[in-house]
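Visitor:
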Amino acid sequence: MGRTLEDIIAEQPQNLVDSAQETASKQLIHIHLIELLERIGTDAGCHIDNCTIDSLQRLKQLVASAVLAQT
Numbered sequence: 000m001g002r003t004l005e006d007i008i009a010e011q012p013q014n015l016v017d018s019a020q021e022t023a024s025k026q027l028i029h030i031h032l033i034e035l036l037e038r039i040g041t042d043a044g045c046h047i048d049n050c051t052i053d054s055l056q057r058l059k060q061l062v063a064s065a066v067l068a069q070t
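Everything in the sequence shown is counted per numbering that gives the first Met the number 0, starting at 0 for the first residue and increasing by one.
(1) Is the beta carbon of Cys50 less than 8 Å from the beta carbon of Leu36?
(2) Is the Cβ-Cβ distance between Ile28 and Leu61 less than 8 Å?
(3) Return the first residue and the last residue of the alpha helix (DSSP H) that Arg57 is part of.
(4) How long is the line joining the alpha carbons of Arg38 and Gln26, rounded to whole angstroms?
(5) Would you mind stating whether Val16 and Ile8 have Cβ atoms separated by less than 8 Å?
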């Protein structure tokens, strides 16, 4: 049996894992934002700048921190 994705990730340096998770999170935010814009009828070709994605990423982290603090 081959290695699982979790095994491969566990073998990587933590800073690499953190960077990959941040990149994946930003890409997911970008995808969700595109889906939202399409649902409200905005031009699918509109450009979403990195500043917007970064701001939404920070907001997501703040909300997650607040939720953890309440538990």
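Glycine included, C-beta positions come from ideal geometry on N, C-alpha and C. Just so we're clear, the structure is a prediction, and the values are computed from it rather than from any experiment.
Guide: Inspection of the coordinates gives the following:
(1) Against a cut-off of 8 Å, the Cβ pair of Leu36 and Cys50 comes out as no contact.
(2) no
(3) Asn49 to Gln69
(4) 19 Å
(5) Yes, Cβ-Cβ distance for Val16 and Ile8 is below 8 Å.
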